[in-house]
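Q: Pasting a structure here, questions to come.
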Amino acid sequence: MSAFAAGTGRTSLSVLKATTAAVLLLAAAAPALAADGADATIAIGSLYEPQNLDNTAGAGQGINEAFNGNVYEALFRLNDDGTVSPSLVKDYKVSDDGLTYTFTLQPGVTFHSGDPLTSADVKWSIERVTSADSKSSRKNSLKPIASIETPDDATVVVKLSSRSISLPYNLSYVWVINDAAKDLQTAEDGTGPYALDGWQRGSQLAVKRFDKYWGPKPENGEVVFKYFTEATALNNALLTGAVDVITSVQSPDSLAQFKDNPDFTVAEGKSTTKLILAYNDRVAPFDNVKVRKALARAVDKKKLLEAVWGDYGTLIGSFVPPTDPWYVDLTKVDAYDPESAKELLKEAGYPDGFTFTIDTPNYDPHPLAAQFLQGELAKVGVKVNINVITPNEWYTKIYKAHDFQATLQEHVNHRDIVFYGNPDFYWGYDNPKVAELIKASEEAATVDEQTEKLKEANVQIAEDAASNWLYLYPQIVVSKTSVSGYPVNGLNSQFFAYGIKKAD
Amino acid sequence: MLIAAAVLFLLLRLLPGDPANALVSVGADPEQIEAARRQVGSDLPIAAQFVRYLGQLGRFDLGASFISGVPVLDEIGRRLTLTLPLTALAFVAAILIALPLGILAAVKRDRWYGGLISIVSQFGIAVPVFWIGILLVTAFAVKLRLFPSSGFPPSGWRDPIAALHQLTLPILTIALVMSASLIRYVRSATLDVIGSDYLRTARALGAGYGEALIRHGIRNGAVPVISILGIELASTLLGAVVVERVFSLPGLGSMLLSGIEQRDYPSVQGVLFVSTLLVLLVGFAADLTQRLVDPRLRGSSGGRS
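The listed protein sequences correspond, in order, to chains A and B. Read in order, the letters of the first sequence correspond to residues 1271 to 1774 in this note's numbering. Read in order, the letters of the second sequence correspond to residues 841 to 1145 in this note's numbering.
This is how it looks when you write it as structure tokens:
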């Protein structure tokens, strides 16, 4: 008996030894060397992998992160501080009636394929977004465009049917693409400082410095966006040096490990992402402004923000974040006050409260927020049922069919107060005064006039408690200490990579 | 196979939601949503969608992803280059761990380490895969820095050392979980053999214990273990979903998950179709191996001895 058993023992031991040796050998095989300085490769870790490479075809926010300003440029650029400045436009003139914009293009601009940039490319690119079968969410904002003319290769004339003060801003989303480009879902042909160098779906997307770029040379040679499905895996990648920077940290718990570590920098910028409890303002009891105000006062938003984000994040009293020019501090309008909430409910005819359902997207922080609201509203006698749905279902049930009482949702875009001017939008807020103000703001002659009108609209939606604005997310970028020069505000999910430097 | 395809097709359509939703974003107007539905064909009645799907399947065309526009078959092929080696290597590693330990646990069942192996393997069955993955990452990637915490090199298998280096922790994770249950099967199969009449007869005819076990035991004990191996291999293939997520690997499992989240029916159907095919193949291979090992099975038509 012992002969066999001992033999087995030896075999398994030597197998173990061999395995250990092999494992150690593998462990020693370190990954490839990385260049430093001007030719450095910057690895950017993100949770938002684009689904395709076309920002008008459901690619998701990840494509803006990877491509805006890096691979594609537009006529104008939305800077990290929220200002808009000319990009592919060298110069432009606006007629006195505000209906004709004449753009002169930058000279010497080349697409990655080698073709020169001409006005025909610009016309084609804008019409791609405004065309009948475009799925771009920006299509509506470009509606005032009546025609585009190209008198010569360097000039584009855009004629409007009504004034559009935000035209330069809106054009900052319209990628200028070579009109000869065939496949935009898996390839690109832009004018940006980087050209696509390879995309492994489910894994990473690499862009390489484009040597014939017309503008200043990027501070690095190559940028690799590495995609993760799990925040923990992403954090581990930064901890182990597999990525240099994380574009947006989504869980505050993980910050502790970077905050007290000299190897990492934690930068807090300003986001435009708002968490809101949107009511269906068309249906009772939410068609009653007193009920909406009562619910706004019944929720201790400070406590919610602390529960989700600790010391980060900002409280907002309306849909407008502090980075928008028409921001007004409205947190006092319906400040936390459960007693007056009960009073308002009584006045509205609900002395014993009521019951309603919150359709809650199934990912963080929505379920947590829903439970918090359930607890807070119970204190004023309002009973909340939580119905968990997937984001996909959300579009069908809420966005399209308006079949809901209330829903939690995060709204990521910059300057999106305009949604309150559209009574057909999913939340069904219908105040003709606000709709008129928003329309008039777009047709304003000056930016000051636009800002004035939108401020007024902003105050009005707060007075109407159109939705329950819970808080503004923080925007937190974490990087290795040796890496600098990245944008921190991440407006509209952009992440300009050309300024990123690696010191090691 | 046809029935499986039909059931899959219907179950997917029963999920609330619409693949067109993945193509639009907040701000889109109703006409744009309708245009997206026309593009993916979700505006057609389900019967018409099914006929269209069957027609494609007949040509072995799995269609193109609604979201990325890439042919599903190409994408699956690319992802299999990760999932298949991952599964196969984990499988081999599991056998290397489980066979010696399982036999040892049976032969030395009255020693302390025999019992210990059984207890530890019992624990291993109870522990979820992702938890083992997270533990391994914390220990070997974050603390010891021996292996990367996640991902797969873009060069793929052209640089086999780098690829293996990246895949070591995922392989180990699957192998540990798989070997936990395998050890128990190997142990009980070995116990059966040890207690069998033929082994006693062989010993009575003068063979040593080890010799008898090797000559007569392994073949007999292998038959039930092989069928379990087949089942384990098939479930590992599907269980790769979890491991691929923990380690952010671009394999078949992550394709399935994102497909389901976005209601990208062609991708989901494609992945499930191909994995059903693979599971059938594995089952067939296990059957075949059993017959090779045990001549008694060759005469019968699939019955188990």
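By construction, the Cβ of each residue, glycine as well, lies at the ideal position given by its N, Cα and C atoms. In this text the structure is predicted, and so the values were computed from the model without any measurement.
Could you give the C-beta distance for residue 1076(B) and residue 1018(B), rounded to a whole number, given that I count them as a contact under 8 Å?
A: That belief holds up - the Cβ atoms of residue 1076(B) and residue 1018(B) are roughly 6 Å apart, short of 8 Å.
Q: Would residue 1650(A) and residue 1568(A) qualify as a contact pair, given that the criterion is a beta-carbon distance under 8 Å?
A: It is a contact, given that the beta carbons lie within the stated cut-off.
Q: Where residue 1668(A) and residue 856(B) are concerned, what is the direct C-alpha to C-alpha distance, given to the nearest angstrom?
A: Roughly 12 Å separates the two Cα atoms.
Q: With 8 Å as the limit, tell me which residues of the region 1466-1492 of chain A have their beta carbon closer than that to any beta carbon of chain B; keep them in chain order.
A: Within the region 1466-1492 of chain A, the residues whose Cβ lies closer than 8 Å to some Cβ of chain B are 1468, 1470, 1471, 1472, 1473, 1474 and 1476, listed in chain order.
Q: Which one of 1352(A), 1378(A) and 1345(A) has the shortest CA to CA distance from residue 1362(A)?
A: Checking every option, the nearest Cα to that of residue 1362(A) belongs to 1345(A).
Q: Could you give the distance in angstroms between the alpha-carbon of residue 872(B) and the alpha-carbon of residue 996(B)?
A: So the two alpha carbons sit approximately 39 Å from each other.
Q: In angstroms with no decimal places, state the Cα-to-Cα distance between residue 1332(A) and residue 1318(A).
A: Their backbone Cα atoms lie some 5 Å apart in a straight line.
Q: In three-state terms, what does DSSP make of residue 1409(A)?
A: Coil.
Q: Output the distance between the C-alpha atoms of residue 1118(B) and residue 1686(A), rounded to the nearest integer angstrom.
A: Roughly 49 Å separates the two Cα atoms.
Q: Examine the Cβ distances between the region 1690-1700 of chain A and the region 1534-1550 of chain A and report whether three or more of them are shorter than 8 Å.
A: With a cut-off of 8 Å, the region 1534-1550 of chain A and the region 1690-1700 of chain A count as touching, because enough Cβ pairs lie within range.
Q: So with Cβ pairs under 8 Å, would you call residue 1109(B) a contact of chain A?
A: Not closer than 8 Å to any Cβ of chain A, the Cβ of residue 1109(B) fails to qualify, so no.
Q: Give the interface partners of residue 1750(A) over in chain B, defined as CB-CB distance under 8 Å, in chain order.
A: Near residue 1750(A) there are no residues of chain B at all, since even the closest Cβ is about 15 Å away, more than 8 Å.
Q: Hey, could you find the ends of the alpha helix (DSSP H) residue 972(B) is sitting in?
A: From DSSP, the alpha helix (DSSP H) with residue 972(B) extends over 969-976.
Q: Please return the same chain residues whose Cβ sits closer than 7 Å to the Cβ of residue 1082(B), not counting the five positions on each side in sequence.
A: Counting only Cβ-Cβ distances below 7 Å, and skipping sequence neighbours, we find 969 and 970.
Q: For residue 1534(A), list the residues DSSP reports as bridge partners.
A: 1750(A).
Q: Determine the contact status of residue 1570(A) and residue 1606(A), defining contact as a CB-CB distance below 8 Å.
A: Result yes, Cβ atoms of residue 1570(A) and residue 1606(A) sit closer than 8 Å.
Q: Taking all protein chains shown into account, do 16 or more other C-beta atoms lie within 10 angstroms of the C-beta of residue 1674(A), making it buried, or fewer, making it exposed?
A: That one is buried.
Q: Rounded to whole angstroms, what is the Cα-Cα separation between residue 1564(A) and residue 1585(A)?
A: For residue 1564(A) and residue 1585(A), the distance between alpha carbons rounds to 18 Å.
Q: Relative to the alpha-carbon of residue 910(B), which residue among 1114(B), 1136(B) and 1104(B) has its alpha-carbon at the smallest distance?
A: Cα-wise, what sits closest to residue 910(B) is 1104(B).
Q: Taking buried to mean at least 16 other C-beta atoms within 10 Å of its own C-beta, is residue 998(B) buried or exposed?
A: Under this definition residue 998(B) is an exposed residue.
Q: Have a look at 878(B), 877(B), 904(B) and 886(B) and flag the residue whose alpha-carbon is nearest the alpha-carbon of residue 1108(B).
A: Checked all of 878(B), 877(B), 904(B) and 886(B); the closest Cα to residue 1108(B) is 904(B).
Q: Would you say residue 1018(B) reaches chain A, if we count a Cβ-Cβ gap shorter than 8 Å as a contact?
A: For residue 1018(B), the answer is no, since every Cβ of chain A falls outside 8 Å of its Cβ.
Q: Could you tell me whether any Cβ in chain A is nearer than 8 Å to the Cβ of residue 889(B)?
A: No - not a single Cβ of chain A is within 8 Å of the one on residue 889(B).
Q: Would you kindly report the start and end of the unbroken beta strand (DSSP E) that includes residue 1355(A)?
A: Note, residue 1355(A): beta strand (DSSP E), 1354-1356.
Q: Output the boundary residues of the beta strand (DSSP E) element that contains residue 1005(B).
A: Note, residue 1005(B): premise wrong, no beta strand (DSSP E); alpha helix (DSSP H) at 1000-1034.
Q: In terms of alpha-carbon separation, which member of 1102(B), 1110(B) and 1130(B) lies closest to residue 859(B)?
A: Per the Cα distances, 1102(B).
Q: Just to confirm, is the Cβ distance from residue 930(B) to residue 1011(B) under 8 Å?
A: Yes; because the gap between Cβ atoms is below 8 Å, this pair is in contact.
Q: Based on DSSP bridge pairs, tell me the residues matched to residue 1474(A).
A: Bridge partners of residue 1474(A): 1470(A) and 1496(A).
Q: Of the residues 1341(A), 1562(A), 1425(A) and 1415(A), which one's Cα is nearest the Cα of residue 1389(A)?
A: Among 1341(A), 1562(A), 1425(A) and 1415(A), the Cα nearest to that of residue 1389(A) belongs to 1425(A).
Q: Just verifying my parser: in three-state terms, what is the DSSP assignment at residue 1633(A)?
A: Looking at residue 1633(A) - three-state DSSP - the assignment turns out to be coil, as it is neither helix nor strand.
Q: Can you tell me which of the three DSSP states residue 1299(A) falls into?
A: Bear in mind that a pLDDT of 42 at residue 1299(A), under 50, signals an unreliable position, so the number given afterwards is only what the model happens to contain. Coil, per DSSP.
Q: Residues of chain A with CB under 9 Å from residue 820(B), in chain order?
A: Outside the shown range of chain B (841 to 1145) lies residue 820(B), about which nothing can therefore be said.
Q: How about residue 1544(A): is its C-beta nearer than 8 Å to some C-beta of chain B?
A: Closer than 8 Å: no.
Q: Could you work out which residues of chain A lie near residue 942(B), taking near to mean beta carbons separated by less than 9 Å?
A: In chain order: nothing, as chain A lies at least about 10 Å away.
Q: In the DSSP assignment, find the beta strand (DSSP E) that holds residue 1265(A) and state where it starts and stops.
A: Residue 1265(A) cannot be examined here, being either before or after the span of chain A that is shown, 1271 to 1774.
Q: To be precise: take each residue of the region 1391-1420 of chain A, compare its Cβ to all Cβ atoms of chain B, and keep it if any distance is under 9 Å. Which residues remain?
A: Within the region 1391-1420 of chain A, the qualifying residues are 1402, 1403, 1404, 1405, 1406, 1407, 1408, 1409, 1410 and 1411.
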